[in-house]
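Read top to bottom, the protein sequences are chains U and P. The opening residue of the first sequence carries number 1 in the numbering used here; numbering runs sequentially from there. The opening residue of the second sequence carries number 1 in the numbering used here; numbering runs sequentially from there. Let me begin by presenting the structure, written as structure tokens, before commenting on it.
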Amino acid sequence: MSGRGDAIVIRGRPFHGPAAKSRRSDGRLTTALIFLPPALLLFTIFVVMPIGEAAWFSGFNWNGFGRPTRWIGLDNYRFVFDSRGFGIAFRNNLLIIAVSLLIQLPLALALALTLAERFRGAVLLRMLFFLPYVLAEVATGLIFSFIYDGDYGLLASIFRSFGAEAPHLLASTQTSMLAILIVIVWKYFGFHMMLFIAALQSMDPNLVEAARIDGASRWQVLRHVVIPLLYPTIRLSVFFAVIGSLQLFDLVMPLTRGGPADSSNTMVSFLYNNGISRMRVGFGSAIGVILFVICVTFAVTYKRWFMRDE
Amino acid sequence: MSDAAIARMRWPFDPVLLYKALFLAVVAAFVAVPLLATVLGGFKSLGELRTNPFGLPQIWEWQNYAGILFSGRYWQLLWNSLVISSFTVVLTLIIASMAAFAFAHLHFFGSSLLLSYLTMGLLFPAATAILPLFIKVRDLGLLDSYFGVILPQVAFSLAMSVLLLRRFFKDLPHELLEAALVDGCSYIGFFRHITLPLSGPILATVGTIAFVQSWNSYLLPLVMLNSDALYPWPLGIMVYQGEFSAEWHLILAFITLTLLPTVLLFIFAQKYIVAGLTAGAVKG
């Protein structure tokens with residue numbers, strides 16, 4: 001790109017060539033040697049090494065003290081797959097993904113289509129709908145544990161006003177997951193809505209107008225012009241919904257801690273409850289490795305199949 | 001203009017507008033009622049909360065809020081969060097912008113390989129390796145210290161930050177760099193005196209993402225910190241809720257007050273926050 005600068009390829013050799021050139025090539029090498037190590041070191045120590053160590057620790061029965069010595073091969077993975085709790089947690093994660101894709105995304109899309117137009121209050125509503133995304137998961141979880149509370153909660157008072165008995169949604173294995181799913185939609189639809197609004201606003205309005213002039217109905221314009229133009233954003237939104245669903249944890253803890261009877265665990269809260277809080281390092285690491293494999297496999301295949309051009 | 005005029009003319013006859021308004025009202029209530037009930041709940045007595053959870057308080061119990069505001073505990077939590085988030089933001093900005101500059105302008109052998117190495121961090125969440133991370137932080141002697149939380153947070157925010165910054169640095173006019181180098185400016189000098197001052201918007205975006213993530217983060221501090229004195233506010237409200245388990249009026253007041261900084265920040269910096277959180281997602 002920069003004709004002169006690029007001619008010099010750095011492979012060490014600081015004092016080589018004419019003075020001016022060597023000063024510039026040095027400059028690059030020294031700069032790179034100052035600028036890159038902090039990032040690379042931090043990333044290696046706190047991100048890459050722990051993943052490698054998770055794979056290593058997952059072969060041991062270890063409580064975290066001293067050095068790991070009791071090698072048990074792949075047994076930890078067998079324990080994970082044999083445990084009832086992990087199966088439930090995995091199924092819950094799939095359920096979260098399904099709700100994110102089938103309820104949350106269409107809702108976000110519908111709202112974006114309504115709010116991308118300019119009218120009084122549109123910006124205010126956009127901000128209101130985005131607000132839950134900015135609030136901490138833990139606080140959101142606590143707010144909803146109040147709403148669901150069988151004695152004081154909003155839901156209970158609605159039920160009582162109809163003369164019905166108040167349900168304890170969070171305390172029943174049948175409904176705990178449903179309660180969490182509602183909070184997930186509440187918290188995250190605004191983020192996807194904003195993605196769609198940004199895409200809609202960068203769209204060429206002439207396309208829609210041309211279709212309208214050609215006599216297309218509102219629905220036809222939406223179905224054959226607007227939605228196809230949104231496909232890249234929809235694909236992106238699906239990607240975030242899935243990756244976000246796979247790492248859901250903060251929201252679960254204040255609501256149910258994964259209970260009752262493991263009914264509302266996600267894979268990460270299962271990892272926390274069974275690996276970290278009991279310091280079963282090998283078992284917990286095995287769950288981490290499984291989660292890692294799922295995330296990376298999904299991210300890589302999805303990007304290869306659906307997001308090739310982006 | 002004319003579109004709006006036509007829409008207004010059509011208003012009484014167009015049921016679509018009515019459906020839209022209805023739809024928006026329902027969603028707005030779905031979002032706003034839990035938040036309003038939380039704020040108002042903090043002004044009620046426990047007895048009134050039970051009989052009147054939706055409406056305005058009959059008697060405004062200011063002492064719920066006042067008691068928390070005058071306790072050292074609330075400020076301690078916010079202070080801890082502020083320290084952790086500020087360090088995370090500053091370190092992320094310094095380290096990521098340096099690396100991004102190197103990747104944008106210093107084309108050297110292996111630079112693209114190193115960049116793909118860093119962006120691997122986008123593929124998986126911090127939770128996957130949380131146990132080995134705990135053991136690493138323990139072995140480094142950083143357990144139960146601010147930096148035991150800050151350093152992993154910085155490390156995990158690097159991938160996204162470097163990508164965003166690098167793209168911005170590359171898009172700056174290339175003639176600037178050439179002219180500066182011809183005039184004898186060093187790369188480091190160029191970075192400090194030209195690149196950084198021109199990069200205000202992207203630094204704000206990256207800083208906002210790092211701040212919001214750190215301010216709200218729960219899992220890392222939960223695993224790395226043991227003493228209440230160091231807890232950031234998301235851990236603090238969980239402890240508070242544990243102590244006052246059924247006294248919902250106090251818990252709601254506490255939640256409201258701990259959310260207040262986030263909401264204020266959101267109102268005053270919404271442009272950066274919305275742009276940061278969505279653009280960060282799109283471009284990463």
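Note that the Cβ used here is the ideal one computed from N, Cα and C, for glycine as well. Just so you know, these numbers come straight off a predicted model, no measurement behind them.
Between Val225(U) and the set Leu178(U), Asn265(U), Leu200(U), Ala139(U), the nearest pair of CA atoms involves Leu200(U). Of all residues in the segment 41-69 of chain P, only Gly41, Leu46, Leu49, Arg50, Thr51, Asn52, Pro53, Phe54 come within less than 9 Å of chain U when Cβ atoms are compared, listed by chain position.
Below 8 Å, too few C-beta pairs join the segment 129-145 of chain U and the segment 295-305 of chain U to call them touching: fewer than three. Scanning Leu177(P), Ser112(P), Val206(P) for the CA closest to the CA of Arg192(P) turns up Leu177(P).
DSSP places Trp71(U) in the strand class (E or B) of the three-state scheme. In this structure Pro152(P) is in contact with Ala126(P), their Cβ atoms being roughly 7 Å apart against a cut-off of 8 Å. Taking 8 Å as the cut-off, the Cβ atoms of Leu142(U) and Ile255(P) count as close. In this structure, Thr278(P) keeps its C-beta atom at 8 Å or more from the C-beta atom of Ala241(U).
Residues are counted here when their Cβ sits less than 7 Å from a Cβ of chain P; for the segment 196-219 of chain U these are Ala198, given in chain order.
Contact between the segment 217-237 of chain P and the segment 244-258 of chain U is present, with at least three C-beta pairs closer than 8 Å. In the structure shown, the three-state DSSP call for Phe270(U) is helix. Excluding the 5 residues flanking it on each side, Gly284(U) has same chain C-beta neighbours closer than 8 Å at Leu271, Asn274, Gly275, Ile276, in chain order. Within 10 angstroms of the beta-carbon of Glu175(P) lie fewer than 16 other beta-carbons, which makes it exposed. Listed along the chain, the chain P residues whose CB falls inside 8 Å of the CB of Glu53(U) are Ala129, Pro132, Ile135, Lys136. Rounded to the nearest whole angstrom, the C-alpha separation of Gln63(P) and Val223(P) is 34 Å.
The beta carbon of Gly276(P) is closer than 6 Å to those of Thr205, Thr208, Ile209 in its chain, skipping five residues each way along the sequence. Phe60(U) sits in a strand when the DSSP states are folded into three classes.
For a cut-off of 8 Å, the C-beta gap from Phe108(P) to Ala32(U) is around 6 Å, short enough to register as a contact.
For Val26(P), the enclosing alpha helix (DSSP H) stretches over residues 15-41.
DSSP places Pro167(U) in the coil class of the three-state scheme, outside both helix and strand. Residues of the segment 94-113 of chain P with a Cβ closer than 7 Å to any Cβ of chain U, in chain order: Ile95, Ala96, Met98, Ala99, Phe101, Ala102, Leu106, His107, Phe108, Phe109. Shortest Cα-Cα distance from Gly52(U) to any of Ala104(P), Ile94(P), Ala129(P) involves Ala129(P). Taking 8 Å as the cut-off between beta carbons, the residues of the segment 157-188 of chain P near chain U are Leu158, Ala159, Val162, His174, Leu177, Glu178, Leu181, Ser186, Tyr187, Ile188, in sequence order.
Leu291(U) and Leu113(U) have their C-alpha atoms some 35 Å from each other. The straight-line gap separating the alpha-carbon atoms of Arg212(U) and Ala122(U) is approximately 24 Å. DSSP places Asp171(P) in the uninterrupted alpha helix (DSSP H) bounded by 146-171.
In this structure, Thr258(P) places its C-beta atom within 8 Å of the C-beta atom of Leu77(P).
Short of 7 Å from the beta carbon of Glu48(P), and not among the five residues preceding or following it, lie these beta carbons of its own chain, in chain order: Pro57, Gln58. Taking the Cα of Arg50(P) as reference, the smallest distance to any Cα among Gly150(U), Thr69(U), His192(U) is reached at Gly150(U). For Gly121(P), the C-beta contacts it makes with chain U under 9 Å involve Phe43, Val47, Val48, in order along the chain.
Ranked by Cα distance from Ser71(P), the options Ala253(P), Ile273(P), Phe266(P), Pro173(P) are led by Ala253(P). Leu131(P) places its beta carbon less than 8 Å from that of Ala54(U). Between the beta-carbon of Met203(U) and that of Leu111(U) there is about 16 Å, and that puts the pair past the 8 Å contact cut.
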